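If you use the working numbering, the sequence shown corresponds to residues 5 to 114, in order. Structure, as structure tokens:
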Amino acid sequence: MSLWVLDVLALLPQKWQNWILPPSSIPTVQNDPSKVQLSRIAHVYFDHHDLEAFAKFAKDFGFVEAERKGKTIYYRGYGKDPYIYVASQSSKSKSQFKGAAFVAKDRENF
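Pasting the structure below:
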């Protein structure tokens with residue numbers, strides 16, 4: 005649905021809004037305490053087809069290079085983590101997401 009349609013819909017009385025676009029219920033999500041409890045995401049790993057082109061984009065975008073080791077660049081962000089984004093030269097002809105690292109809620113979950 006186009007954004008302008010939503011803008012127009014928001015101007016209508018609530019009764020009409022509900023008739024046109026019924027409210028959707030968001031399912032209740034329950035945390036399974038038997039699984040590892042995470043506090044937050046720490047950083048992500050991404051392979052780039054053209055690492056130097058990404059490095060230029062990252063600099064223009066405001067990423068700050070924290071360290072460079074071989075064909076891997078570590079970018080820092082704001083906060084207590086030493087880096088938030090790990091960019092590596094892809095061995096394939098395409099870029100791809102490689103994974104993420106998380107911070108455990110506490111020592112027992114580590």
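We put the CB at the ideal spot given by N, CA and C, even for glycine. No experiment lies behind these values; they were computed from the predicted model shown.
Asked, Found
"Find the nearest neighbour of Ser99 within the set Ala91, Asn113 and Phe61, judged by alpha-carbon distance.", "Ala91"
"Classify Phe67 as helix, strand or coil using the three-state DSSP reduction.", "coil"
"Evaluate contact between the region 6-18 and the region 37-55, counting only Cβ atoms and requiring at least three cross-stretch pairs below 8 Å.", "no"
"Among the residues of its own chain, which have a CB less than 7 Å from the CB of Asp85, if the five just before and after it don't count?", "Ala46 and His47"
"Between the Cα of Val95 and those of Gly81, Thr76, Ile88 and Tyr82, spot the shortest distance and give me the residue it belongs to.", "The sequence given here places Ser at residue 95; Val does not occur at that position. Ser95 has its Cα closest to that of Thr76, out of Gly81, Thr76, Ile88 and Tyr82."
"Please state whether DSSP places Ile77 in a helix, a strand or coil.", "strand"
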